[in-house]
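Position 253 (the sequence shown) corresponds to 253 in the numbering used here; numbering is contiguous.
We put the CB at the ideal spot given by N, CA and C, even for glycine.
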Amino acid sequence: MPSSALLVKLFAAPLLIGAASLAGRRWGPQIAGLLGGLPLVAIPIVLALWLEYGSEYAIKVAGAASAGLWANVVYMLVLAHASRYFSWQGTILCGWAAYLLTALILVWSGLALSPIAGISVLAGLWIAIYFIPRPEAINSSSLPKIELYARMVAALLLVLALSSLSLLLGSTMTGVLAGFPVAATVIPAFTLANAGRNALLLQLRGFLMGLTGFSMFFLVWTPMASHIGLLAFIPAVITALATGMLVKFLSHRFH
(Lines of atoms letter the chains of each structure in order from A and count residues from 1; the text may use other names and numbers.)
(Lines give C-alpha, C1' and ligand atoms only; values in the text may rest on other atoms or scores of the structure.)
Protein backbone atom coordinates (compact mmCIF):
# COMPACT_ATOMS: atom_id res chain seq x y z
CA MET A 1 0.00 0.00 0.00
CA PRO A 2 1.46 3.44 -0.91
CA SER A 3 2.79 5.50 1.99
CA SER A 4 1.19 8.81 2.98
CA ALA A 5 4.30 10.69 1.82
CA LEU A 6 4.16 9.05 -1.62
CA LEU A 7 0.47 9.89 -2.00
CA VAL A 8 1.20 13.53 -1.15
CA LYS A 9 4.02 13.65 -3.73
CA LEU A 10 1.94 12.06 -6.48
CA PHE A 11 -1.37 13.85 -6.08
CA ALA A 12 -1.34 16.97 -3.87
CA ALA A 13 0.61 19.44 -6.01
CA PRO A 14 -0.81 18.37 -9.42
CA LEU A 15 -4.38 18.62 -8.11
CA LEU A 16 -3.78 22.03 -6.54
CA ILE A 17 -2.13 23.37 -9.68
CA GLY A 18 -4.92 21.91 -11.81
CA ALA A 19 -7.58 23.58 -9.65
CA ALA A 20 -5.79 26.95 -9.84
CA SER A 21 -5.49 26.62 -13.61
CA LEU A 22 -9.20 25.93 -14.06
CA ALA A 23 -10.03 28.85 -11.77
CA GLY A 24 -7.86 31.05 -13.95
CA ARG A 25 -9.75 29.92 -17.05
CA ARG A 26 -13.01 30.80 -15.34
CA TRP A 27 -12.04 34.16 -13.82
CA GLY A 28 -9.16 35.45 -15.93
CA PRO A 29 -5.33 35.70 -16.02
CA GLN A 30 -4.96 37.83 -12.90
CA ILE A 31 -6.85 35.29 -10.78
CA ALA A 32 -4.69 32.55 -12.34
CA GLY A 33 -1.63 34.48 -11.24
CA LEU A 34 -3.06 35.20 -7.80
CA LEU A 35 -3.78 31.53 -7.11
CA GLY A 36 -0.62 30.36 -8.86
CA GLY A 37 1.47 32.55 -6.55
CA LEU A 38 0.18 30.78 -3.46
CA PRO A 39 2.30 27.87 -2.08
CA LEU A 40 0.49 25.22 -4.13
CA VAL A 41 3.71 23.25 -4.65
CA ALA A 42 5.61 24.27 -1.51
CA ILE A 43 2.89 22.98 0.82
CA PRO A 44 3.02 19.42 -0.60
CA ILE A 45 6.84 19.53 -0.49
CA VAL A 46 6.90 20.51 3.19
CA LEU A 47 4.16 17.99 4.03
CA ALA A 48 5.99 15.17 2.22
CA LEU A 49 9.25 16.02 4.01
CA TRP A 50 7.40 16.12 7.33
CA LEU A 51 6.03 12.62 6.72
CA GLU A 52 9.39 11.26 5.50
CA TYR A 53 11.99 12.98 7.68
CA GLY A 54 10.05 14.34 10.63
CA SER A 55 8.78 17.67 11.85
CA GLU A 56 12.13 19.21 12.78
CA TYR A 57 13.55 18.84 9.29
CA ALA A 58 10.37 20.09 7.59
CA ILE A 59 10.31 23.17 9.82
CA LYS A 60 13.93 23.94 8.90
CA VAL A 61 13.00 23.73 5.23
CA ALA A 62 10.02 26.02 5.75
CA GLY A 63 12.21 28.51 7.58
CA ALA A 64 14.06 29.34 4.36
CA ALA A 65 10.99 29.42 2.12
CA SER A 66 9.93 33.03 2.71
CA ALA A 67 13.41 34.47 2.11
CA GLY A 68 13.59 32.35 -1.02
CA LEU A 69 10.83 34.47 -2.50
CA TRP A 70 13.43 37.14 -3.29
CA ALA A 71 14.43 34.83 -6.13
CA ASN A 72 10.82 34.89 -7.33
CA VAL A 73 10.74 38.69 -7.23
CA VAL A 74 13.78 38.81 -9.50
CA TYR A 75 12.30 36.10 -11.73
CA MET A 76 9.01 37.98 -12.25
CA LEU A 77 10.75 41.26 -13.04
CA VAL A 78 13.05 39.57 -15.54
CA LEU A 79 10.10 37.87 -17.26
CA ALA A 80 8.24 41.17 -17.51
CA HIS A 81 11.12 42.98 -19.19
CA ALA A 82 12.65 40.10 -21.18
CA SER A 83 9.27 39.41 -22.81
CA ARG A 84 9.68 42.69 -24.66
CA TYR A 85 12.67 41.31 -26.56
CA PHE A 86 12.34 37.51 -26.63
CA SER A 87 9.85 34.80 -27.48
CA TRP A 88 8.42 32.70 -24.67
CA GLN A 89 11.41 30.31 -24.77
CA GLY A 90 14.01 33.06 -24.37
CA THR A 91 11.92 34.86 -21.78
CA ILE A 92 11.58 31.77 -19.58
CA LEU A 93 15.30 30.92 -19.89
CA CYS A 94 16.23 34.45 -18.81
CA GLY A 95 13.87 34.13 -15.86
CA TRP A 96 15.25 30.75 -14.80
CA ALA A 97 18.84 32.01 -14.95
CA ALA A 98 17.95 35.00 -12.80
CA TYR A 99 16.02 32.83 -10.34
CA LEU A 100 18.77 30.25 -9.85
CA LEU A 101 21.49 32.90 -9.51
CA THR A 102 19.46 34.73 -6.86
CA ALA A 103 18.70 31.47 -5.04
CA LEU A 104 22.41 30.58 -4.89
CA ILE A 105 23.27 34.05 -3.59
CA LEU A 106 20.63 33.71 -0.86
CA VAL A 107 22.05 30.37 0.29
CA TRP A 108 25.75 31.20 -0.01
CA SER A 109 25.35 34.55 1.77
CA GLY A 110 23.29 33.10 4.60
CA LEU A 111 20.41 35.48 3.85
CA ALA A 112 18.06 32.54 3.29
CA LEU A 113 18.05 31.95 7.05
CA SER A 114 17.69 35.60 8.00
CA PRO A 115 14.33 36.53 9.55
CA ILE A 116 14.80 40.03 8.15
CA ALA A 117 15.07 38.67 4.60
CA GLY A 118 11.94 36.57 5.12
CA ILE A 119 9.86 39.47 6.43
CA SER A 120 11.21 42.18 4.13
CA VAL A 121 10.28 40.19 1.03
CA LEU A 122 6.68 41.31 1.62
CA ALA A 123 7.77 44.86 0.87
CA GLY A 124 9.84 43.60 -2.06
CA LEU A 125 6.83 41.88 -3.60
CA TRP A 126 4.67 44.97 -3.21
CA ILE A 127 7.31 47.25 -4.73
CA ALA A 128 7.93 44.83 -7.59
CA ILE A 129 4.28 45.10 -8.65
CA TYR A 130 4.94 48.72 -9.57
CA PHE A 131 8.00 47.83 -11.65
CA ILE A 132 5.94 45.52 -13.86
CA PRO A 133 4.99 47.58 -16.95
CA ARG A 134 1.29 48.35 -17.16
CA PRO A 135 -0.49 46.14 -19.72
CA GLU A 136 -2.53 47.62 -22.54
CA ALA A 137 -5.21 45.78 -24.52
CA ILE A 138 -5.33 42.07 -23.77
CA ASN A 139 -6.13 39.35 -26.29
CA SER A 140 -8.55 36.73 -25.05
CA SER A 141 -7.44 33.11 -25.20
CA SER A 142 -8.69 29.75 -24.01
CA LEU A 143 -6.79 27.30 -21.85
CA PRO A 144 -5.46 24.45 -24.03
CA LYS A 145 -5.75 21.03 -22.41
CA ILE A 146 -2.03 20.47 -22.94
CA GLU A 147 -1.29 23.54 -20.81
CA LEU A 148 -3.32 22.20 -17.92
CA TYR A 149 -1.57 18.82 -18.10
CA ALA A 150 1.85 20.48 -18.46
CA ARG A 151 1.29 22.48 -15.27
CA MET A 152 0.27 19.38 -13.33
CA VAL A 153 3.19 17.29 -14.61
CA ALA A 154 5.68 20.08 -13.86
CA ALA A 155 4.35 20.35 -10.30
CA LEU A 156 4.62 16.58 -9.84
CA LEU A 157 8.22 16.51 -11.10
CA LEU A 158 9.34 19.34 -8.82
CA VAL A 159 7.79 17.75 -5.72
CA LEU A 160 9.37 14.39 -6.54
CA ALA A 161 12.77 15.95 -7.29
CA LEU A 162 13.01 18.20 -4.24
CA SER A 163 11.66 15.66 -1.78
CA SER A 164 14.02 12.98 -3.15
CA LEU A 165 17.12 15.21 -3.27
CA SER A 166 16.38 17.19 -0.13
CA LEU A 167 18.94 15.51 2.10
CA LEU A 168 21.60 16.05 -0.59
CA LEU A 169 20.65 19.70 -1.15
CA GLY A 170 20.21 20.45 2.54
CA SER A 171 17.27 22.01 4.32
CA THR A 172 18.17 25.60 3.40
CA MET A 173 18.49 25.05 -0.35
CA THR A 174 15.38 22.86 -0.33
CA GLY A 175 13.47 25.62 1.43
CA VAL A 176 14.63 28.26 -1.04
CA LEU A 177 13.77 26.05 -4.03
CA ALA A 178 10.39 25.09 -2.54
CA GLY A 179 9.14 28.30 -4.11
CA PHE A 180 10.52 27.39 -7.54
CA PRO A 181 8.18 29.01 -10.09
CA VAL A 182 6.43 25.90 -11.40
CA ALA A 183 3.08 27.57 -12.06
CA ALA A 184 4.95 30.78 -12.90
CA THR A 185 6.86 28.93 -15.63
CA VAL A 186 4.12 26.95 -17.31
CA ILE A 187 1.35 29.55 -17.06
CA PRO A 188 3.38 32.53 -18.39
CA ALA A 189 4.92 30.43 -21.17
CA PHE A 190 1.52 29.50 -22.58
CA THR A 191 0.10 32.96 -21.89
CA LEU A 192 2.92 34.74 -23.74
CA ALA A 193 2.69 32.32 -26.67
CA ASN A 194 -1.11 32.34 -26.94
CA ALA A 195 -2.29 35.73 -25.65
CA GLY A 196 0.73 38.01 -25.92
CA ARG A 197 2.84 40.19 -23.65
CA ASN A 198 0.02 42.33 -22.26
CA ALA A 199 -1.77 39.29 -20.84
CA LEU A 200 1.56 38.13 -19.41
CA LEU A 201 2.15 41.47 -17.66
CA LEU A 202 -1.27 41.35 -16.04
CA GLN A 203 -0.64 37.78 -14.98
CA LEU A 204 2.75 38.56 -13.44
CA ARG A 205 1.15 41.26 -11.30
CA GLY A 206 -1.26 38.61 -10.08
CA PHE A 207 1.60 36.24 -9.29
CA LEU A 208 3.35 38.89 -7.21
CA MET A 209 0.14 39.51 -5.28
CA GLY A 210 -0.28 35.79 -4.71
CA LEU A 211 3.31 35.44 -3.51
CA THR A 212 2.54 37.76 -0.60
CA GLY A 213 0.20 35.00 0.50
CA PHE A 214 3.02 32.45 0.02
CA SER A 215 5.27 34.52 2.28
CA MET A 216 2.62 34.95 4.96
CA PHE A 217 1.87 31.22 4.88
CA PHE A 218 5.39 30.31 5.94
CA LEU A 219 5.79 33.24 8.32
CA VAL A 220 2.71 31.95 10.15
CA TRP A 221 3.22 28.21 9.72
CA THR A 222 6.90 27.91 10.70
CA PRO A 223 6.65 29.14 14.33
CA MET A 224 3.23 27.53 14.92
CA ALA A 225 4.20 24.10 13.56
CA SER A 226 6.56 23.52 16.50
CA HIS A 227 3.61 23.78 18.88
CA ILE A 228 0.54 22.41 17.09
CA GLY A 229 2.09 20.33 14.31
CA LEU A 230 0.30 19.91 11.01
CA LEU A 231 -2.75 21.75 12.35
CA ALA A 232 -0.73 24.90 11.73
CA PHE A 233 -1.62 24.47 8.05
CA ILE A 234 -5.15 25.69 8.78
CA PRO A 235 -4.37 29.21 10.10
CA ALA A 236 -1.46 29.49 7.65
CA VAL A 237 -3.65 28.76 4.60
CA ILE A 238 -6.34 31.16 5.84
CA THR A 239 -3.74 33.88 6.37
CA ALA A 240 -2.21 33.26 2.93
CA LEU A 241 -5.55 33.54 1.14
CA ALA A 242 -6.60 36.61 3.12
CA THR A 243 -3.27 38.33 2.43
CA GLY A 244 -3.42 37.62 -1.29
CA MET A 245 -6.95 38.98 -1.54
CA LEU A 246 -6.06 42.06 0.52
CA VAL A 247 -3.10 42.89 -1.70
CA LYS A 248 -5.26 42.37 -4.78
CA PHE A 249 -7.83 44.82 -3.39
CA LEU A 250 -5.22 47.40 -2.42
CA SER A 251 -3.58 47.15 -5.82
CA HIS A 252 -6.88 47.97 -7.54
CA ARG A 253 -7.71 50.65 -4.98
CA PHE A 254 -4.49 52.63 -5.01
CA HIS A 255 -2.82 51.92 -8.35
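When only Cα atoms are considered, V176 and A64 end up about 6 Å apart. When DSSP states are grouped into helix, strand and coil, I132 belongs to the coil group. Spatial neighbours of W50 in its own chain (CB-CB distance under 6 Å, excluding positions within 5 residues in sequence) are listed in chain order as A58.
Nearest C-alpha to I45 among R197, W70, L7, P223: L7.
Annotation for S87: no alpha helix (DSSP H) segment contains it, and DSSP assigns it neither H nor E. Taking the Cα positions, L77 is about 14 Å away from Y85.
Sixteen is the threshold: since fewer than 16 other Cβ atoms of the shown chains lie within 10 Å of the Cβ of Y130, the residue is exposed. In the three-state DSSP reduction, V182 falls in the coil class, being neither helix nor strand. Between the alpha carbons of T91 and H227 lies a gap of roughly 43 Å. Considered as a whole, the stretch 27-81 harbours 29-36, 42-53, 55-63 as its complete alpha helix (DSSP H) runs of no fewer than 4 residues, in chain order. Counting along the chain, F218 sits inside the alpha helix (DSSP H) bounded by residues 197-228.
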